[in-house]
Amino acid sequence: MNSLMSGCGAENGLISVDQALDLILQHTQVLATERLELNQALNRYLAQDVYAAINLPLFSQSAVDGYALCAQSVIEPHSEFELIGEIRAGQQDELQLKAGQAVRIFTGAKIPFGTTTVARQEIVKLIDSGKIAIVENLHAHADIRNAGEEITTGQLLASKGQQLSVGAIASLSMAGIHSVEVVRYPKVAVVITGDEVASSIEDFAAGKIFDANAPLIQAWFQNAGQQVEIFHVADSEDAVKALIQQLSDSYDVVLSTGGVSVGDYDFIRPVALDLGFEQLFWKVKQKPGKPMFFAELTRNDCSRCYLLGLPGNPAAVYVGMQIYTATLLNVLQGQKQRPDWFSAVLSHDLKNDSRERFLRMSAHFDQSVLKVKSLSKQQSHMLSNLVQANCLVRIPAGQSLLEGDIVQGLFIH
């Protein structure tokens with residue numbers, strides 16, 4: 209058998225969840241990069257460090273609506289100044305102040321040469337059309353934003369591997385960055401197997417079930433800001449082989465549901481091996497989702513296609529998406545990280561069998577303590593409790609847990 213499974217401490221052909229994640233981390237290669245306009249780069253991962261192109265602020269500017277003054281270090285009440293003009297934000301006029309002079313100025317406007325301080329309009333009295341008086345003490349450099357006080361040209365703004373949030377995009381844009389080099393999104397194809405699956409009302413008939421997996425997966429990718437293409441295939445070895453061969457030529461990831469166990473119509477794994485995929489693992493010691501399959505194909509140009517075969521039961525697909533698909537996509541984009549587990553207090557006793565179990569639960573705060581509570585209907589073919597669930601909780605294999613024990617969870621959206 210073309211497999212790395214036996215070298216991973218597998219027990220009875222099964223590997224642990226952490227061993228499966230290790231194999232994804234070890235064998236998945238980061239994708240190539242591309243340059244995008246900043247307004248197209250939300251949630252993308254930077255492929256290189258980003259440095260400021262300009263000072264921020266670019267020039268010294270007023271922090272308030274008021275008056276720019278040229279005066280002594282301290283201005284006493286009733287001091288008068290000659291008003292010689294006005295500067296609006298964005299105005300290009302190059303006024304120059306001399307001692308005893310002032311200009312009307314607005315927030316964000318460039319302060320004129322010779323300015324020693326800015327008086328906010330609330331402490332200024334207009335004497336006549338040509339003079340103003342200051343009604344309070346005023347120190348030098350008040351309400352002036354100095355050029356480069358936040359960011360200087362060449363300063364590191366964002367590091368390689370950082371995901372671009374809404375705030376990061378705004379910050380980079382202000383610092384003169386208009387495009388960035390990012391790791392490209394993985395190109396993902398989803399293969400839904402099963403003659404019993406009806407993808408529409410028109411296809412529904414006796415013996416059929418409505419397809420939950422395709423909507424689940426599509427919504428999951430939409431939530432991550434990515435697109436996928438969905439393919440339905442009949443339970444025919446020839447049809448499965450033809451489709452997998454076609455998709456493996458042009459997609460980075462082929463994500464399948466069903467067809468990975470040992471049934472007479474489970475063709476994903478044997479077809480993948482026949483097409484030259486190298487099996488990295490098959491069967492994980494977990495519930496739901498034991499017959500998980502992961503393999504890679506090295507193409508003639510040395511690029512790779514990864515096949516992640518999820519079981520067909522919807523709850524197993526959901527767990528597989530949250531844990532394994534998320535990890536695979538993160539690594540492809542340069543993020544070698546495991547799921548971001550949180551710790552919480554268990555609200556009730558729990559028993560588990562020999563496999564690690566992932567339970568759909570409800571997390572809530574009780575007097576500042578994060579607690580989790582299991583929901584009913586946890587079988588792998590059931591999904592109805594996902595309406596109430598907001599996390600998956602890991603229950604270690606072969607352990608009985610008591611109310612108050614600490615468990616690991618993963619928030620889901």
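For the sequence shown, our numbering begins at 209 and goes up steadily by one.
Built from N, CA and C at the ideal position, the CB exists for glycine as well.
In terms of residue numbering, what span does the alpha helix (DSSP H) encompassing residue i cover?
{"i": "Y526", "result": "522-528"}
{"i": "F429", "result": "421-431"}
{"i": "G617", "result": "Looking at the DSSP string, G617 is not in any alpha helix (DSSP H); the run it does join, the beta strand (DSSP E), is 614-619."}
{"i": "I377", "result": "374-382"}
{"i": "A534", "result": "534-540"}
Below 7 Å between beta carbons: does that hold for residue i and residue j?
{"i": "T324", "j": "N263", "result": "no"}
{"i": "V577", "j": "A571", "result": "no"}
{"i": "A310", "j": "Y275", "result": "yes"}
{"i": "L246", "j": "H386", "result": "yes"}
{"i": "G466", "j": "G520", "result": "yes"}
{"i": "L622", "j": "S582", "result": "As shown, the chain starts at 209 and ends at 621. That puts residue 622 outside it, with no answer to give."}
{"i": "V343", "j": "I335", "result": "no"}
{"i": "F501", "j": "V468", "result": "yes"}
{"i": "R512", "j": "Q237", "result": "yes"}
{"i": "E389", "j": "R243", "result": "yes"}
{"i": "S562", "j": "G606", "result": "yes"}
{"i": "A383", "j": "L365", "result": "yes"}
{"i": "E564", "j": "V272", "result": "no"}
{"i": "L505", "j": "G484", "result": "yes"}
{"i": "L455", "j": "V462", "result": "yes"}
{"i": "L368", "j": "D257", "result": "With the sequence shown as reference, residue 368 is identified as Lys, and Leu is not the correct amino acid for it. Contact: yes."}
{"i": "I319", "j": "T535", "result": "no"}
{"i": "G362", "j": "Y259", "result": "yes"}
{"i": "I283", "j": "L346", "result": "yes"}
{"i": "F573", "j": "C599", "result": "no"}
{"i": "K449", "j": "G221", "result": "no"}
{"i": "G612", "j": "A552", "result": "no"}
Pull up the CB-CB distance for residue i and residue j, whole angstroms please, since I reckon it's below 8 Å.
{"i": "P604", "j": "N538", "result": "Contact doesn't hold; Cβ gap of about 24 Å is too wide."}
{"i": "N431", "j": "V525", "result": "Actually they are not in contact, since the Cβ atoms of N431 and V525 sit about 15 Å apart, beyond 8 Å."}
{"i": "D351", "j": "V326", "result": "4 Å"}
Between which two residues does the beta strand (DSSP E) harbouring residue i extend?
{"i": "T506", "result": "501-506"}
{"i": "H235", "result": "No beta strand (DSSP E) holds H235; the alpha helix (DSSP H) holding it covers 225-235."}
{"i": "T361", "result": "Run containing T361: none; DSSP gives neither H nor E here."}
{"i": "K581", "result": "577-582"}
{"i": "R243", "result": "241-245"}
{"i": "L490", "result": "What sits at residue 490 in the sequence shown is Trp, not Leu. Unbroken beta strand (DSSP E) run through W490: 486-490."}
{"i": "H572", "result": "564-574"}
{"i": "R512", "result": "512-518"}
{"i": "T640", "result": "The structure shown has nothing for residue 640, since the chain only spans 209 to 621."}
With a threshold of 6 Å, establish whether the CB of residue i neighbours any heavy atom of the ligand ADP.
{"i": "R392", "result": "As presented, the structure is devoid of all ligands, the ligand ADP included, so that no description of it is given."}
At 3 residues or longer, what runs of the beta strand (DSSP E) sit wholly inside the segment 454-482? Runs of the beta strand (DSSP E) inside the segment 454-482: 461-465.
Point to revise | Inside the segment 294-322 only - alpha helix (DSSP H) runs reaching at least 4 residues | key: Assignment of alpha helix (DSSP H) within the segment 294-322, counting only whole runs of 4 or more residues, yields no such run.
### Task
Determine contact between the segment 352-359 and the segment 291-308, defined as no fewer than three beta-carbon pairs at a distance below 8 Å.
no
Tell me, please, whether the segment 421-439 touches the segment 281-295 by the rule of three or more beta-carbon pairs shorter than 8 Å.
-> no
>> Under 8 Å, with one C-beta from each stretch per pair, do the segment 428-448 and the segment 489-498 reach the 3-pair mark?
In response: Contact between the segment 428-448 and the segment 489-498 is absent: fewer than 3 CB-CB pairs across the two stretches fall below 8 Å.
query: If you pair each beta-carbon of the segment 378-398 with each one of the segment 314-329, do three or more pairs fall below 8 Å?
result: Between the segment 378-398 and the segment 314-329 there are fewer than three C-beta pairs closer than 8 Å, too few to call the two in contact.
> Would you say the segment 442-450 touches the segment 543-559, given that touching needs at least three Cβ pairs under 8 Å?
Replying inline: Counting Cβ pairs under 8 Å, fewer than three are found: no touch.
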